[in-house]
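Note sheet for the following structure.
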Amino acid sequence: AQVRRIKRLLVHEHYSSVSERNDIALLELDQPVQCSPYVQLACVPDASLRVSELTACYVSGWGSTTARSGGATDVLQEAKVRLIDVNLCNSSRWYRGAIHSHNLCAGYPQGGIDTCQGDSGGPLVCKENNADYFWL
1 AQVRRIKRLL
11 VHEHYSSVSE
21 RNDIALLELD
31 QPVQCSPYVQ
41 LACVPDASLR
51 VSELTACYVS
61 GWGSTTARSG
71 GATDVLQEAK
81 VRLIDVNLCN
91 SSRWYRGAIH
101 SHNLCAGYPQ
111 GGIDTCQGDS
121 GGPLVCKENN
131 ADYFWL
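Reading the sequence shown from the start, the letters are residues 1 to 136 in UniProt numbering.
Structure (structure tokens):
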């Protein structure tokens with residue numbers, strides 16, 4: 001295992017805990033990590049990336065593994081998810097307009113695989129369709 005300490009935390013300058021807009025931060029570690037099959041780099045895209053065209057996306061976190069358990073897990077969980085059109089997420093059947101157009105919606109329309117309580121602020125990474133790297 002590679003253990004690192006956070007040297008500096010950079011929270012988005014327009015982050016709002018009330019609206020959860022710009023819910024992203026960068027961590028500067030006290031020393032570099034070694035890439036391995038379990039540790040990979042992810043690129044931060046600019047506005048030109050068409051995120052909606054990426055097909056292999058993943059979420060991860062230490063949050064609850066069932067809606068009823070409420071407790072965190074000791075093991076980092078990951079799940080493959082699909083990006084879902086924000087208009088569908090904002091439909092009357094789902095979030096009724098609560099998802100901002102700058103946010104992404106990911107999971108499965110039928111449910112079952114997604115993030116849960118305790119995963120807020122966790123990463124969504126998507127693999128570039130024609131290459132071996134990920135976008136954060």
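Heads up, the beta-carbon is just placed ideally off N, CA and C, and yes, glycines get one too.
Alpha helix (DSSP H) runs contained entirely in the UniProt domain "Peptidase S1" (1-136), provided each spans 4 or more residues: 86-89
Pick from Cys43, Pro109 and Tyr95: whose alpha carbon is nearest that of Pro123? Your numbering for residue 123 matches position 123 in the sequence shown. Comparing Cα-Cα distances from Pro123 to each of Cys43, Pro109 and Tyr95, the minimum goes to Cys43.
Residues in its own chain within less than 8 Å of Val81 by CB, not counting five upstream and five downstream? Sequence index remark: in the sequence shown, residue 81 carries index 81 (1-based). Once the five neighbours on either side are set aside, the close Cβ partners of Val81 are Cys57, Tyr58, Val59, Ala106, Gly107, Tyr108, Ile113, Asp114 and Leu124.
Leu83 beta carbon less than 9 Å from that of Trp62: Within the sequence shown, the letter at position 62 stands for residue 62. Within the sequence shown, the letter at position 83 stands for residue 83. Taking 9 Å as the Cβ cut-off, Trp62 and Leu83 do not qualify as a contacting pair.
CA nearest to the CA of Ile24, picked from Pro32, Ala98 and Leu10: Position 24 of the sequence shown holds residue 24. Cα-wise, what sits closest to Ile24 is Leu10.
My guess is that Leu49 and Trp135 are in contact by the Cβ rule of under 8 Å, so how many angstroms apart are they, rounded? For the purposes of this step, residue 49 is taken as residue 49 along the sequence shown, with counting starting at 1. For the purposes of this step, residue 135 is taken as residue 135 along the sequence shown, with counting starting at 1. Between Trp135 and Leu49 the Cβ distance is about 6 Å, and since that is below 8 Å, they are a contact.
Determine the burial state of Cys126: buried for a count of at least 16 other Cβ atoms within 10 Å of its Cβ, exposed for fewer. Here residue 126 refers to the residue found at position 126 when the sequence shown is read from its first residue. Per the 10 Å Cβ criterion, buried.
Compute the Euclidean distance between the alpha carbons of Arg21 and Asn130, then round it to the nearest angstrom. Working through the sequence shown from its first residue, we reach residue 21 at position 21. Working through the sequence shown from its first residue, we reach residue 130 at position 130. The alpha-carbon atoms of Arg21 and Asn130 are separated by roughly 30 Å.
Considering only residues of the same chain and omitting the five flanking positions on each side of Tyr95, which have a CB-CB separation below 6 Å? The residue labelled residue 95 in the question sits at position 95 within the sequence shown. For Tyr95, where only same-chain residues beyond five positions count, the Cβ hits under 6 Å are Cys89.
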